Amino acid sequence: MNRFDETAIAAGATDNGKPGISRILLLTQLIAYSATTDPLEKNVMRAQANAISEELIPVIDLSPLRSGEHPRSVAAALHAASQSLGFIYVEGHGIRPETIAAARAAACRFFESSDEEKAEVLVSPQHRGWLGPGAARMQDDGPVDLKESFIWGYQDAAGHTDCDHPLRGPNQWPAFVPELQAAAMAYYTQAHALAKLLMQGFALGLDLPYDFFLRSCERPISRASFVYYPPQAQTAPPGQFGVGAHTDFGVLTVLCQDDVGGLQVRDVTGNWLIAPPVEGTLVVNVGDLLSRWTDGAYKSTPHRVINSSGRRRLSLVLAFDPDPQTPVDARDVYGAAYQPREEAISCGDYLLQRFARAFPYRDAPGSPAA
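Residue numbers (this note's numbering): -1 to 368.
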């Protein structure tokens, strides 16, 4: 069995408790060994990754923000984390375990179905439905991603959705998995409530009114997805990922991992850090639009997924975004006299630009989205 370099473990940390070069080297080694199939080595790798990654990606309990008892302390922690890597583990998130379990069960049944069945809900021009393997390229200069997804968005109690924007339209529900609609919408509702709570915390952390980011959320274009990653072959071509290195397009992402792992986050030195599953938590990360809204103060950090576990990986994802016409302008955060690095843009326009680059189907001949 390969062994880790013990000298890289022994050196500890530098001033102020920040990780020293020894820990960066150790993380690099952990990632290099992540392709191993040896169970013992996997356990060692994960234990070390948990111990070190949590120093860089903090765990924040949202309960005091939810209860209103100590919202400022949580807001300060969210604010600090967002100015660092922009990735956070959150506990006290409010999504019920039975909701997660039902969503996972329905998603597994969907992805286990044949491609012919899944094609009955093939992704629509409004980005709703099944996105098959190779239908996304999140890394601009990379190969297509190995993942496949099932995507849906907001609908009212009667099942209606608006169709007044290219990224807002009717959801597509598979008749061959009848329980999926209820399970998916229950997860969406609770994850969206969590995202709104987080946005209140970010607003307080920026010394803004708590509802600053929620004033344009009456008809949000938030999207949720079940994302399936097949086991990645050891002989995969160089640069082939479950999902390639990218930053998330929107305001905020909420990720529910399974126990397989595979998420990696790039730090400021260019090293890839393992972000392993931490029991009882979800992963939250800043997206491009929130970074732009804060003029870069909050970091939208590149990340990727490599599923070398030999097992399938399933993630539940919520991409939180407000109404499409919402202006994203740093002057609204810092004052009219502030000179931001980037001009204001509407949420919807920015997302459409990024979607056009990431999803080849939108440029396919005859596609209504083209």
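Just so it is clear, CB atoms sit at the ideal spot from N, CA and C, and this is done for glycine as well. Treat the numbers as computed from the prediction; the structure is a model and nothing was measured.
Using C-beta distances below 6 Å, list every residue in its chain close to residue i, excluding the 5 sequence neighbours before and after it, in chain order.
{"i": "aspartate 265", "result": "Leu271"}
{"i": "alanine 75", "result": "Ile58"}
{"i": "phenylalanine 109", "result": "Tyr226"}
{"i": "glutamate 4", "result": "Unreliable placement is indicated for glutamate 4, whose pLDDT of 28 sits below 50; the coordinate value is still reported in the next sentence. Around glutamate 4: no qualifying Cβ."}
{"i": "alanine 201", "result": "Tyr208, Phe210, Phe211"}
{"i": "alanine 101", "result": "Ala181, Tyr185, Leu314"}
{"i": "alanine 30", "result": "Low confidence applies to alanine 30: its pLDDT is 42, below 50, so where it sits in the model is not reliable enough to give any reading."}
{"i": "glycine 346", "result": "His163, Pro322"}
{"i": "arginine 352", "result": "Phe247"}
{"i": "serine 223", "result": "Ser147, Ile149, Val315"}
List the endpoints of the continuous alpha helix (DSSP H) containing residue i.
{"i": "arginine 70", "result": "69 to 80"}
{"i": "valine 281", "result": "That residue, valine 281, is in no alpha helix (DSSP H); its beta strand (DSSP E) goes 280 to 284."}
{"i": "glycine 199", "result": "178 to 203"}
{"i": "aspartate 113", "result": "113 to 116"}
{"i": "arginine 64", "result": "61 to 65"}
When DSSP labels each residue in this structure, what does residue i get in the three-state scheme?
{"i": "isoleucine 272", "result": "strand"}
{"i": "alanine 328", "result": "coil"}
{"i": "glutamine 351", "result": "helix"}
{"i": "cysteine 254", "result": "strand"}
{"i": "tryptophan 171", "result": "coil"}
{"i": "leucine 54", "result": "helix"}
{"i": "leucine 206", "result": "coil"}
{"i": "serine 344", "result": "strand"}
{"i": "glutamine 46", "result": "In this predicted model, glutamine 46 has a pLDDT of only 49, less than 50, meaning its place in the structure is not dependable enough to derive any value."}
Would you decide whether residue i is buried or exposed? Buried here means 16 or more other CB atoms lie within 10 Å of its CB.
{"i": "alanine 354", "result": "exposed"}
{"i": "serine 112", "result": "exposed"}
{"i": "alanine 78", "result": "exposed"}
{"i": "serine 65", "result": "exposed"}
{"i": "proline 218", "result": "buried"}
{"i": "alanine 328", "result": "buried"}
{"i": "serine 71", "result": "exposed"}
{"i": "aspartate 138", "result": "For aspartate 138, the predicted model reports a pLDDT of 49, less than 50, meaning its position is unreliable; a value from the coordinates is still stated below. Under this definition aspartate 138 is an exposed residue."}
{"i": "alanine 73", "result": "buried"}
{"i": "alanine 273", "result": "buried"}
{"i": "phenylalanine 174", "result": "exposed"}
{"i": "tyrosine 185", "result": "buried"}
{"i": "aspartate 246", "result": "buried"}
{"i": "aspartate 162", "result": "exposed"}
{"i": "alanine 105", "result": "buried"}
{"i": "proline 176", "result": "exposed"}
{"i": "threonine 267", "result": "exposed"}
{"i": "glycine 248", "result": "buried"}
{"i": "tyrosine 336", "result": "exposed"}
{"i": "histidine 68", "result": "exposed"}
{"i": "aspartate 154", "result": "exposed"}
{"i": "leucine 25", "result": "Because leucine 25 sits at a pLDDT of 41, beneath the cut-off of 50, its placement in the model cannot be relied upon, and the point is left open."}
{"i": "aspartate 205", "result": "exposed"}
{"i": "arginine 94", "result": "exposed"}
{"i": "glutamate 96", "result": "exposed"}
{"i": "glutamine 188", "result": "buried"}
{"i": "arginine 221", "result": "buried"}
{"i": "alanine 117", "result": "exposed"}
{"i": "alanine 99", "result": "exposed"}
What are the start and end residues of the beta strand (DSSP E) that includes residue i?
{"i": "cysteine 106", "result": "Taken as a continuous stretch (DSSP letters only), cysteine 106 belongs to no beta strand (DSSP E), being part of the alpha helix (DSSP H) at 95 to 109."}
{"i": "tryptophan 150", "result": "146 to 151"}
{"i": "alanine 222", "result": "221 to 227"}
{"i": "serine 122", "result": "From DSSP, serine 122 is part of no beta strand (DSSP E); its letter is neither H nor E."}
{"i": "valine 315", "result": "311 to 318"}
{"i": "glutamate 89", "result": "85 to 89"}
{"i": "arginine 166", "result": "Neither: arginine 166 is in no beta strand (DSSP E) and is coded neither H nor E."}
{"i": "valine 263", "result": "261 to 264"}
{"i": "valine 303", "result": "301 to 303"}
So, for residue i: in the same chain, excluding its five sequence neighbours on each side, which residues have a beta-carbon less than 8 Å away from its beta-carbon?
{"i": "arginine 309", "result": "Pro229, Val258"}
{"i": "glutamine 81", "result": "Ala295, Tyr296, Lys297"}
Counting only the same chain and skipping the five closest in sequence on each side, list residues whose C-beta sits under 7 Å from that of residue i.
{"i": "glutamine 255", "result": "Leu261, Pro275, Val281, Ser313"}
{"i": "glycine 84", "result": "Asn283, Val284, Tyr296, Lys297, Ser298, Thr299"}
{"i": "serine 61", "result": "Gly90"}
{"i": "alanine 191", "result": "Gly92"}
{"i": "leucine 195", "result": "Leu60, Leu63, Arg64"}
{"i": "isoleucine 343", "result": "Val326"}
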